[in-house]
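This report refers to the structure that appears directly beneath it.
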Amino acid sequence: MGRESRLTERIKAANAAGRMAVVPYLPFGYPDRARFWAEFEAMDAAGADVIEIGVPFSDPVADGPVIEEAVNKVLEDGVTLAEIIAGLRTRAGTVRAGVVLMGYVNPFMQYGWERLADDAAAAGVHGFIIPDMPFEESGEVRGILGARGLDLIPLVGLNTSPERLAMYADGATGFAYFVSVLGTTGARESLPEEIFERLALARKAFSVPVALGFGIGAPEQARRFLGLADAVIIGSALVKHVGAGGSAKAFLEPFLK
Amino acid sequence: MNPTESGYFGEFGGRYVPELLMPPVLELTRAVQEIVPSEGFQAELKAALRDYVGRPSALYRCPNISKDLGLNLWLKREDLNHTGAHKINNCIGQALLTRMMGKPRMIAETGAGQHGVATATAAAMLGLECVVYMGAVDVERQAHNVRRMQLLGATVVAVQSGTKTLKDAINVALKDWIANQRTTHYCIGSVVGPHPFPQLVRDFQAVIGQEALEQFAARNMGGLPDAVVACVGGGSNAMGMFHAFVPHESVRLIGVEAAGSGEPGCWHSATLTKGTLGVFQGVRTKLLQTADGQIDPSHSIAPGLDYPGVGPEHAFLQSAGRAEYVCLNDDRALNGFFTLCRREGIIPALESSHAVGWVLDNPGLLPKGGHVVVCLSGRGDKDMGIVEDVLARQGGEGK
Ligand SMILES: Cc1ncc(COP(=O)(O)O)c(C=O)c1O
Chain A
232 MGRESRLTER IKAANAAGRM AVVPYLPFGY PDRARFWAEF EAMDAAGADV IEIGVPFSDP
292 VADGPVIEEA VNKVLEDGVT LAEIIAGLRT RAGTVRAGVV LMGYVNPFMQ YGWERLADDA
352 AAAGVHGFII PDMPFEESGE VRGILGARGL DLIPLVGLNT SPERLAMYAD GATGFAYFVS
412 VLGTTGARES LPEEIFERLA LARKAFSVPV ALGFGIGAPE QARRFLGLAD AVIIGSALVK
472 HVGAGGSAKA FLEPFLK
Chain B
690 MNPTESGYFG EFGGRYVPEL LMPPVLELTR AVQEIVPSEG FQAELKAALR DYVGRPSALY
750 RCPNISKDLG LNLWLKREDL NHTGAHKINN CIGQALLTRM MGKPRMIAET GAGQHGVATA
810 TAAAMLGLEC VVYMGAVDVE RQAHNVRRMQ LLGATVVAVQ SGTKTLKDAI NVALKDWIAN
870 QRTTHYCIGS VVGPHPFPQL VRDFQAVIGQ EALEQFAARN MGGLPDAVVA CVGGGSNAMG
930 MFHAFVPHES VRLIGVEAAG SGEPGCWHSA TLTKGTLGVF QGVRTKLLQT ADGQIDPSHS
990 IAPGLDYPGV GPEHAFLQSA GRAEYVCLND DRALNGFFTL CRREGIIPAL ESSHAVGWVL
1050 DNPGLLPKGG HVVVCLSGRG DKDMGIVEDV LARQGGEGK
């Protein structure tokens, strides 16, 4: 790899400023199409380092009830992957944040991996998070995405062995996603104690930055990981806030301090 | 045939699960290689199948329908198993495996409730804690089976997400497995899901075809049937029936899927006949889906066939031309149901009625005077509510 990934660069810039990078997640089209794009632009303007756009899928096995409900709603509105890419293309060059599409294998596969990689790169996408694609199934896709400079973000967690961490770390680009709980997405009051030890192992295994996600809902909670994680991913708590009519910018600001 | 080490039958199969599920999936893969073939496991399984399940199940030649059709219709009587369906073959195997892996808790999904009842039964027998996830729609239409599971000591959780049917119950079971993998085995009910489940469940169900092959040969001077026929939901009774016959190329393998009401544009469960390639619930296989890759709702009058995916080995056998897949409307399955009741005194499950109904409708596609073995995967007591509704709507008694 020649040039450093945009995602790595954004996270390192935040770290250089003395804070963890902030990575908000919103499912595309939530709470409706117009508000989604308004919130997307507002989060970018507020200084979100990387923005994760959820690509809706009917059967999200890695997601908890808040995201599942949001996704069901946008699917009823008929949102599509093509629409996400088209919307990003019209904004290409104007977005400061790194942009990641997070979604399950099937909608991507039906779009066609080669076409997806071409269209996503042209629309200003920097990487993909695909929770139901473990290392063993990812070879072909990693090659296709990598050829366009797109990162396939590995997900690891509390039960990922050192051998499997090493497998994911070898050739990883962008950043690594550390899942904080043995469970699905959803904000939690407390996180398991073993997380500190496991996170340290992951951080040692990866040369790219490590982002902590699943279960993070409050700035104080995120701050406990300062120096232990390079970035925090904020999903369900933000989705809930935005769904209740709140502004994403206001929600993110305390995390960005 | 066995899948590759990564779980592929041709281009179908694999392990499309979150990384958090890979450790238990790999642990199970090792257990399948090490524990299942062991002498201790096999001896216990064999004894349980004989003394508890009541195997071997009978192979029965239907005297009356055979005369009506001008061919020999044989039924492999999985309906006579303890708990009334083939599902118990798999559950006994997986429950023994759960115990030998040192896990105290077993979870399952269920559609018709048959797999839930079989899992609850095996768990009770082996002293395992049992939780069964069931779509809220199915809880309602199979209320009797819910009470059976509860009697057997299982906790039944009504799943309110998505279409509230089998696929949603599997999603929730997968989430439970992620959270509780250290204590829990996921006893999946069909030849679906990530590797090694399609192979594991098939191997536990293969006793159906193995027995049928031997029983048929013993009564027909060592011969083979012309065709074997089974209904296909996820595909476990069919795979169990087909497996021993796959190498015998003269035997036609026919899987019957549910075509739903048959009205244009209706929801159905004919995944192999009408679906397309995709990735769903851990496996690359044929699916019912939109052009955008969203999973379509499925439907069948038979709750156990109501699933928008199918086992990868069936997709492979279809693509290789070794097995044929056809589909049948709800009303023709009901014809199979009523005919078997009236002509032979056997009340079949609505799932199995699809296999029976297809033979009744298509004797011309089978050799005159030939031999057809149908897997009668379960008994129909559980379906009385559905059948009574149909009769009430028709204002008749069935014919
Ligand atoms: C009696 C019976 N037959 C068939 C099926 C369909 O499952 P499979 O295709 O895995 O055999 C079910 C599922 O619940 C069932 O209860």
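The listed protein sequences correspond, in order, to chains A and B.
Each residue of the first sequence is one higher than the last, beginning at 232 in this note's numbering.
Each residue of the second sequence is one higher than the last, beginning at 690 in this note's numbering.
Idealized CB from N, CA, C, for every residue including glycine.
- Using a Cβ-Cβ cut-off of 8 Å, residue 364(A) is close to 705 of chain B, given in chain order.
- Taking 8 Å as the cut-off, the beta carbon of residue 245(A) is found closer than this to the beta carbon of residue 280(A).
- Between residue 849(B) and the set 827(B), 1019(B) and 940(B), the nearest pair of CA atoms involves 827(B).
- Not flagged as an interface residue toward chain A: residue 690(B), since no C-beta distance is shorter than 8 Å.
- At least one heavy atom of ligand 1 is found less than 7 Å from the C-beta of residue 774(B).
- Judged by DSSP secondary structure, residue 1077(B) falls within the alpha helix (DSSP H) whose first and last residues are 1073-1083.
- Here the alpha carbon of residue 410(A) sits roughly 20 Å from the alpha carbon of residue 970(B).
- Taking 7 Å as the cut-off, the C-beta of residue 305(A) does not count as close to any heavy atom of ligand 1.
- Within the same chain, Cβ atoms closer than 6 Å to the Cβ of residue 851(B) are found at 857, the five residues on either side in sequence being excluded.
- For the 8 Å CB-CB criterion, residue 335(A) and residue 385(A) do not form a contact.
- By the neighbour-count criterion, in which a residue is buried when 16 or more other Cβ atoms sit within 10 angstroms of its Cβ, residue 427(A) is exposed.
- DSSP, read as helix, strand or coil, puts residue 380(A) in coil.
- In this structure, residue 771(B) has its CB at a distance of at least 7 Å from all heavy atoms of ligand 1.
- Comparing C-alpha distances from residue 1027(B) to each of 1072(B), 716(B) and 741(B) shows the shortest one belongs to 1072(B).
- Less than 8 Å divides the Cβ of residue 760(B) from the Cβ of residue 1059(B).
- Counting along the chain, residue 1043(B) sits inside no beta strand (DSSP E); it lies in the alpha helix (DSSP H) bounded by residues 1039-1050.
- Exclusion of the five residues before and after residue 837(B) leaves 802, 806 and 809 as the residues of its chain whose Cβ lies within less than 8 Å of its Cβ.
- Contact annotation: residue 366(A) and residue 398(A) have beta-carbon atoms nearer than 8 Å.
- At a Cβ-Cβ threshold of 8 Å, residue 946(B) and residue 1014(B) count as neighbours.
- Taking a contact to require three or more Cβ pairs closer than 8 Å, the segment 931-950 of chain B and the segment 774-790 of chain B do not qualify as touching.
- Taking the Cα positions, residue 464(A) is about 23 Å away from residue 705(B).
- About 7 Å separates the beta carbons of residue 994(B) and residue 1043(B), which is inside the 8 Å limit, making them a contact pair.
- Your pair residue 814(B) and residue 880(B) does not check out as a contact, with CB atoms roughly 23 Å apart and the cut at 8 Å.
- Taking 7 Å as the cut-off, the C-beta of residue 920(B) counts as close to a heavy atom of ligand 1.
- Listed as beta-bridge partners of residue 894(B) by DSSP are no residues whatsoever.
- Set against 7 Å, the gap from the CB of residue 924(B) to the closest heavy atom of ligand 1 is smaller.
- Rounded to the nearest whole angstrom, the C-alpha separation of residue 700(B) and residue 414(A) is 30 Å.
- Looking at the DSSP output, residue 873(B) sits in a beta bridge with 794(B).
- Among the residues of chain B, those whose CB is under 7 Å from the CB of residue 293(A) are 707, following chain order.
- Where residue 818(B) is concerned, the enclosing beta strand (DSSP E) starts and stops at 818-824.
- Taking 8 Å as the upper bound for CB-CB distance, residue 470(A) and residue 258(A) are in contact here, some 7 Å apart.
- Per DSSP, reduced to three states, the secondary structure at residue 952(B) is coil, with no helix or strand assignment.
- Distances from the CB of residue 804(B) to the heavy atoms of ligand 1 include at least one below 7 Å.
- The beta carbon of residue 306(A) sits closer than 7 Å to the beta carbons of 287 and 289 from its chain, once the five residues preceding and following it are set aside; these are given in chain order.
- In the DSSP assignment, residue 713(B) falls outside any beta strand (DSSP E) and within the unbroken alpha helix (DSSP H) covering 711-723.
- Distance from the CA atom of residue 772(B) to the CA atom of residue 986(B), rounded to whole angstroms, is 28 Å.
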